[in-house]
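A.B. asks: Position 72, counted from 1, in the sequence shown is what the numbering used here calls 107; the numbers after and before it change by one each time, with no gaps.
Here it is, the structure in full.
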Amino acid sequence: KIPFVDQSISISKIDIIGVVIVLPIAGLYFQTKYWMLNNLIGIAIALQGIEMFSLGSFKVGAILLCGLFFYDIFWVFGTDKIMTGESVMVTVAKGLEAPIKLLFPRIVSPNINEEVIKEASAEVTLKIIKPIITNFNGQKIEFSMLGLGDIVIPGFLIALLLRFDAENANAPPKHGAHGSFDKPYFRSNLLAYFLGLSFTISMMVFFDAAQPALLYLVPACLGTALITAYVRKEIEVLFKYDENRTGIEVVADKKIQ
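See below:
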């Protein structure tokens with residue numbers, strides 16, 4: 036029981052093992068800022084966020100993604116036109132040394148003079164989140180970056196579609212979304228996310244500039260869900276899907292259909 040608070044928590048052996056494993060990793064990261072540890076913690080945060088949060092319904096997910104579609108475009112492309120210099124999104128991302136992004140090394144340069152690095156950093160393209168970061172061996176590495184939001188936001192929709200597949204397939208509640216059943220929405224959206232992210236990286240390389248990933252991921256994921264629903268003649272069913280409904284309401288809806 037928590038002192039001075041009228042609440043109790045249960046701690047299992049798995050929780051204790053998890054803390055024992057995580058604490059050294061977190062401590063090592065905050066001491067070294069090593070990019071692999073950054074990515075490990077970032078992926079864990081993203082997975083936990085997707086697992087714990089539910090959009091509730093496809094309509095809510097569609098509205099959220101459409102709003103963030105324009106939000107991402109404005110803060111990456113729009114703000115550098117209004118304000119001189121880099122976009123706000125890039126500036127903020129470069130200034131925060133925290134596992135809120137995944138880092139991908141681009142260039143390893145073992146013996147670069149620090150003055151040369153400082154002069155060159157002013158000309159680094161926007162796609163490099165933090166031009167120079169030191170790894171364990173003292174080598175200098177340039178990084179590209181993917182914000183956790185670009186993983187978590189589409190991830191919310193993909194997870195919701197997996198649960199929609201489970202309901203559509205009448206999967207037993209005991210197994211839920213983890214059982215073996217037909218998953219057309221989940222699989223098509225997972226593929227769409229992969230292709231959308233690949234296209235984002237291609238555009239980043241082609242234009243040699245930062246790209247708002249949701250510009251490509253939102254149409255890919257939402258569009259694929261709608262196309263799948265249209266082909267399966269389930270547009271109305273998809274838009275009516277609501278995870279807050281009771282089991283009785285779900286059964287009643289299926290009888291009407």
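Note that beta-carbon positions come from the ideal geometry of N, C-alpha and C, so glycine has one too.
The structure presented is a predicted model; accordingly, all values stated were derived computationally and were not measured.
Using the Cα positions of Ala-201 and Ile-60, report the straight-line distance between them to the nearest angstrom.
C.D. replies: Distance between the alpha carbons of Ala-201 and Ile-60 is about 36 Å.
A.B. asks: Between the beta-carbon of Pro-189 and the beta-carbon of Leu-252, is there less than 8 Å?
C.D. replies: Cβ atoms of Pro-189 and Leu-252: closer than 8 Å.
A.B. asks: Could you tell me if the beta carbon of Asp-243 falls within a distance shorter than 7 Å of some heavy atom in the ligand GDP?
C.D. replies: Absence of the ligand GDP from the depicted structure is noted, as is the absence of any ligand whatsoever, leaving it without description.
A.B. asks: Hey, Gly-231 and Ala-264 are a contact pair by Cβ (cut 8 Å); roughly how many whole angstroms apart?
C.D. replies: Incorrect: roughly 18 Å between the Cβ atoms, too far for contact.
A.B. asks: Where does Asp-277 sit, in a helix, a strand or coil, going by DSSP?
C.D. replies: DSSP places Asp-277 in strand when its eight states are reduced to three.
A.B. asks: Below 7 Å CB to CB, which residues in the same chain sit around Phe-221 once its five sequence neighbours on both sides are set aside?
C.D. replies: For Phe-221, where only same-chain residues beyond five positions count, the Cβ hits under 7 Å are Ile-193, Leu-196, Leu-197, Asp-200.
A.B. asks: Could you please give me the residues that DSSP links to Leu-137 through a beta bridge?
C.D. replies: In the DSSP output, where bridge partners are listed per residue, Leu-137 has Leu-181.
A.B. asks: For Gly-77, I'd like the list of residues in its chain whose CB is within less than 8 Å of its CB, leaving aside the five on either flank, ordered along the chain.
C.D. replies: Cβ within range, chain order: Pro-134, Ile-135, Lys-136, Leu-137, Leu-183.
A.B. asks: Between the C-alpha atoms of Tyr-69 and Ile-80, what's the straight-line distance to the nearest angstrom?
C.D. replies: Cα-Cα distance, rounded: 17 Å.
A.B. asks: Whose C-alpha, out of Asp-107, Asn-279, Ile-262, Ala-245, is nearest the C-alpha of Ser-179?
C.D. replies: It is Ala-245.
A.B. asks: What runs of the alpha helix (DSSP H), each 4 residues or longer, lie entirely inside the stretch 216-254?
C.D. replies: Here the runs fully enclosed are 219-242.
A.B. asks: Taking 8 Å as the cut-off, decide whether the C-beta atoms of Asn-74 and Tyr-64 are in contact.
C.D. replies: No, they are not a contact pair.
A.B. asks: Assuming Asp-107 and Leu-250 are in contact, meaning their beta carbons sit under 8 Å apart, how far apart are those beta carbons, in whole angstroms?
C.D. replies: That belief holds up - the Cβ atoms of Asp-107 and Leu-250 are roughly 6 Å apart, short of 8 Å.
A.B. asks: Considering only the beta carbon of each residue, do Ala-260 and Asn-224 sit closer than 8 Å?
C.D. replies: Yes.
A.B. asks: With 16 as the cutoff for other CB atoms within 10 Å, does Ile-46 come out buried or exposed?
C.D. replies: Under this definition Ile-46 is an exposed residue.
A.B. asks: Give the range of the alpha helix (DSSP H) segment to which Glu-132 is assigned.
C.D. replies: Where Glu-132 is concerned, there is no enclosing alpha helix (DSSP H), given that its DSSP letter is neither H nor E.
A.B. asks: Can you give the Cα-Cα distance for Val-266 and Gly-84, rounded to whole angstroms?
C.D. replies: Val-266 and Gly-84: Cα-Cα distance of roughly 31 Å.
A.B. asks: State the Cα-Cα distance for the pair Gly-113 and Lys-218, rounded to the nearest angstrom.
C.D. replies: Those two C-alpha atoms are separated by around 38 Å.
A.B. asks: Less than 8 Å separating the beta-carbons of Phe-93 and Leu-273?
C.D. replies: Yes; because the gap between Cβ atoms is below 8 Å, this pair is in contact.
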